[in-house]
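Q: With the sequence shown counted from 1, adding 248 to any position gets you the working numbering.
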Amino acid sequence: MKAAYIKSTGAPSRIIYGDLPKPKPTGKQVLVEVEAVSVNPIDTYLRSGTVKMPLPNPYIIGCDLAGEVVAVGPEATRFKKGDRVWGSNQGLLGRQGTFAQFAAVDEDWLYPLPPDVSADSAAAVALVGITAHLGLFRCAQLKDGERLFVSGGSGGVGSCVVQMAKATGAQVVTTASTPAKADVCRQLGADHVLGLRQRNFKAALGELGPFHVWFETSRQVDFDRIVPTMAIGGRIVVMAGREARPKFPLGPFYVHDLKLFGFAMFNAPPDEQRKCAADINRWLVRGRLKPLIDRVLPLSKAAEAHRLQEENTLKKPGLLCGKIVLNP
């Protein structure tokens, strides 16, 4: 089968597009014929070696996938041949990745793909959608009528946060780096969109707050800006910035009864992620959640996709508006 893989960590040029043996499902695994995958920042961190995890050799890159079950392992019970599925959490913690024509995946990390949802959409929403859901509902316990701020409303996670929060009945404030991206955020349902470089940014935050939930997607967190905007008992969610060491205004934080949640999606057990997937499927079918896809490339362009994702994440934020999806 064709696959995008590495034999050692490093630059995107380390990615090889070539032939590897087709896997066979064992235990609770099912064999998925992959129709679509997508790129996430964590994929680039693993490929580069920035994030240290055990990796098979060769290591097929990628976390997300959508496709059709073509075989099942002897202990698999949740899916059968012909079922269409989507999932994430692959290529992590020693598991093989998804950027291939076929992937053997433990059924615990797979979810039914509704008939009217495309493989591209499912792959695009997988990791970012589960991440947004965990942060909003497991951590922050967002409620109907609350006021939420999320940074980067046209990004992968940010766009899911905007739509999920609106589906829950929240008021949503977000940011955008360009007028075109601001329009995208409004189309997703955001009530207010602030320009990152507008002169009255701090004043506008004050006027639109106080916020019950602040969902920070940026790698650089400014708690001195966040804490004064929060309502009594507010919840702050962080999920990016492994190397960040920001100052923290402890006094204002605790006297306002605030809570701070940090989490990594891949630490959530299968039963928690399955709950997220059930809501995601429901919203996808009802049109309440529409994954943002910036571009679709062939799997042979995996190295190009990684270069672009890495530049957008680390060097020039704003190059992408949504996810990069690849088709085998």
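No residue lacks a Cβ here, since even glycine has one placed at the ideal position from N, Cα and C.
Could you tell me which residues DSSP pairs with Tyr253 in its beta bridges?
A: Counting from one through the sequence shown, the residue named residue 253 turns up at place 5. According to DSSP, Tyr253 bridges with Ile264 and Ile308.
Q: Tell me which same chain residues have a C-beta within less than 8 Å of the C-beta of Ala374, skipping the five on either side of it?
A: To locate residue 374, count along the sequence shown from 1; it is residue 126. Cβ neighbours of Ala374 beyond the five flanking positions: Ser286, Cys311, Asp312, Leu313, Ala314, Trp334, Gly335 and Ser336.
Q: For Glu558, which residues from the same chain have a beta carbon less than 6 Å from its beta carbon, with the 5 sequence-adjacent residues on both sides left out?
A: In the sequence shown, counting from the first residue as 1, residue 558 sits at position 310. Only Thr292 meet the Cβ criterion.
Q: Could you give the residue range of the alpha helix (DSSP H) that holds Arg434?
A: Your numbering for residue 434 matches position 186 in the sequence shown. Counting along the chain, the alpha helix (DSSP H) containing Arg434 begins and ends at Pro427 to Leu436.
Q: Pair every Cβ in the region 505–524 with every Cβ in the region 383–390, then say whether three or more of these pairs are closer than 8 Å.
A: The answer is yes - the region 383–390 touches the region 505–524, with three or more Cβ pairs under 8 Å.
Q: Could you work out which residue in Arg295, Asn515, Pro362 and Val365 is closest to Ala550 when comparing CA atoms only?
A: Locating residue 550 in the sequence shown gives position 302, counting from the first residue. Cα-wise, what sits closest to Ala550 is Arg295.
Q: With the cut-off set at 8 Å, would you say Gly570 and Gly404 are in Cβ contact?
A: Locating residue 570 in the sequence shown gives position 322, counting from the first residue. Locating residue 404 in the sequence shown gives position 156, counting from the first residue. Closer than 8 Å, so yes.
Q: Quick one: residues in its chain with C-beta nearer than 6 Å to the C-beta of Val540, no 5 flanking neighbours on either side, listed in chain order?
A: Within the sequence shown, residue 540 is the residue found at index 292, counting from 1. A small correction: the amino acid at residue 540 is Leu; Val does not occupy that position in the sequence shown. These residues qualify, in order along the chain: Ser407 and Gly570.
Q: Just how far apart, CA to CA, sit Val469 and Gly345?
A: On the sequence shown, position 221 is the one that residue 469 refers to. On the sequence shown, position 97 is the one that residue 345 refers to. Taking the straight line from one Cα to the other gives about 30 Å.
Q: Within a Cβ cutoff of 7 Å, which residues of the same chain sit near Phe496, ignoring the five residues on either side of it in sequence?
A: Indexing the sequence shown from 1 puts residue 496 at position 248. Correct list, in chain order: Phe471.
Q: In whole angstroms, what separates the C-alpha of Ala428 from that of Glu323?
A: In the sequence shown, the residue the question calls residue 428 occupies position 180. In the sequence shown, the residue the question calls residue 323 occupies position 75. Their backbone Cα atoms lie some 49 Å apart in a straight line.
Q: At what residue ranges does the region 282–328 contain a whole run of the beta strand (DSSP E), taking only runs of 3 or more?
A: The region 282–328 contains these whole beta strand (DSSP E) runs: 313–320.
Q: Which residue marks the beginning of the alpha helix (DSSP H) containing Val355, and which one marks its end?
A: Locating residue 355 in the sequence shown gives position 107, where the first residue counts as 1. With the sequence shown as reference, residue 355 is identified as Glu, and Val is not the correct amino acid for it. Element bounds for Glu355: n/a, residue is neither H nor E.
Q: With H, G and I counted as helix, E and B as strand and the rest as coil, what does DSSP make of Gln277?
A: Position 29 of the sequence shown, counted from the start, is the residue given in the question as residue 277. Here Gln277 sits in strand by DSSP.
Q: Hey, how far is the Cα of Arg242 from the Cα of Val432?
A: There is no way to answer for residue 242, as the model of the chain reaches only from 249 to 576.
Q: Which residue marks the beginning of the beta strand (DSSP E) containing Asn575, and which one marks its end?
A: Against the sequence shown, residue 575 aligns to sequence position 327. Element bounds for Asn575: Lys571 to Asn575.
Q: Any idea if Asn560 is buried or exposed, counting beta-carbon neighbours within 10 angstroms, 16 or more meaning buried?
A: As a position in the sequence shown, residue 560 is number 312, starting the count at 1. By the neighbour-count rule (16 or more Cβ atoms within 10 Å), Asn560 is buried.
Q: Residues in its own chain within less than 8 Å of Ala415 by CB, not counting five upstream and five downstream?
A: If you number the sequence shown from 1, residue 415 lands on position 167. So the list reads Trp531, Arg536 and Leu537, once near-sequence residues are dropped.
Q: Which same chain residues, not among the five before or five after Asn305, have their C-beta less than 7 Å away from its C-beta?
A: Counted from its first residue, the sequence shown places residue 305 at position 57. Answer for Asn305: Lys255, listed in chain order.
Q: Does the distance from the C-beta atom of Ala488 to that of Arg473 stay below 8 Å?
A: One-based indexing of the sequence shown puts residue 488 at position 240. One-based indexing of the sequence shown puts residue 473 at position 225. No, the pair does not count as a contact, with Cβ atoms beyond the cut-off.
Q: Report the CB separation of Ala351 from Val282 in whole angstroms; it is logged as a contact under 8 Å.
A: Taking the sequence shown and counting its residues from 1, the one referred to as residue 351 is at position 103. Taking the sequence shown and counting its residues from 1, the one referred to as residue 282 is at position 34. That belief holds up - the Cβ atoms of Ala351 and Val282 are roughly 6 Å apart, short of 8 Å.
Q: Taking the alpha-carbon of Ala430 as reference, which of Gly437, Val441 and Val420 has the nearest alpha-carbon?
A: One-based indexing of the sequence shown puts residue 430 at position 182. Ranking Gly437, Val441 and Val420 by Cα distance to Ala430 puts Val441 first.
Q: Taking all protein chains shown into account, do 16 or more other C-beta atoms lie within 10 angstroms of the C-beta of Gly339, making it buried, or fewer, making it exposed?
A: In the sequence shown, residue 339 corresponds to position 91, counting from 1. Result: buried.
Q: Would you kindly work out how many angstroms separate the C-alpha atoms of Thr325 and Ala319, rounded to a whole number?
A: Reading the sequence shown from its first residue, position 77 is the one you call residue 325. Reading the sequence shown from its first residue, position 71 is the one you call residue 319. Taking the straight line from one Cα to the other gives about 12 Å.
Q: Just to confirm, are Glu552 and Leu545 a CB contact at a threshold of 8 Å?
A: As a position in the sequence shown, residue 552 is number 304, starting the count at 1. As a position in the sequence shown, residue 545 is number 297, starting the count at 1. In contact: Glu552 and Leu545 (Cβ atoms closer than 8 Å).
Q: Restricting to Cα atoms, I'd like to know which of Val376, Leu568, Arg483 and Phe459 is closest to Met513.
A: Locating residue 513 in the sequence shown gives position 265, counting from the first residue. If we check each option's Cα against that of Met513, Val376 comes out closest.
Q: Between which two residues does the beta strand (DSSP E) holding Asp542 run?
A: In the sequence shown, the residue the question calls residue 542 occupies position 294. Per DSSP, Asp542 belongs to the beta strand (DSSP E) from Ile541 to Pro546.
Q: Please tell me whether Ala251 and Val573 are closer than 8 Å, where the distance is taken between their beta carbons.
A: Translated into positions along the sequence shown, residue 251 becomes position 3. Translated into positions along the sequence shown, residue 573 becomes position 325. Their beta carbons are not under 8 Å apart, which means Ala251 does not touch Val573 by this criterion.
Q: Using the rule of at least 16 other Cβ atoms within 10 Å of the residue's Cβ for burial, across every protein chain shown, is Val475 buried or exposed?
A: The residue you call residue 475 lines up with position 227 of the sequence shown. Classification for Val475: buried.
Q: What number of angstroms, rounded off, separates the C-alpha of Val278 from the C-alpha of Ala348?
A: The residue labelled residue 278 in the question sits at position 30 within the sequence shown. The residue labelled residue 348 in the question sits at position 100 within the sequence shown. Whole-angstrom Cα-Cα distance: 15 Å.
Q: Restricting to Cα atoms, I'd like to know which of Val421, Ala259, Lys450 and Gly443 is closest to Gly437.
A: Looking up residue 437 in the sequence shown gives position 189. For the residues Val421, Ala259, Lys450 and Gly443, the minimum Cα distance to Gly437 belongs to Val421.
Q: Could you tell me whether the Cβ atoms of Phe397 and Phe459 are closer together than 8 Å?
A: As a working mapping, residue 397 is identified with position 149 in the sequence shown. As a working mapping, residue 459 is identified with position 211 in the sequence shown. Result yes, Cβ atoms of Phe397 and Phe459 sit closer than 8 Å.
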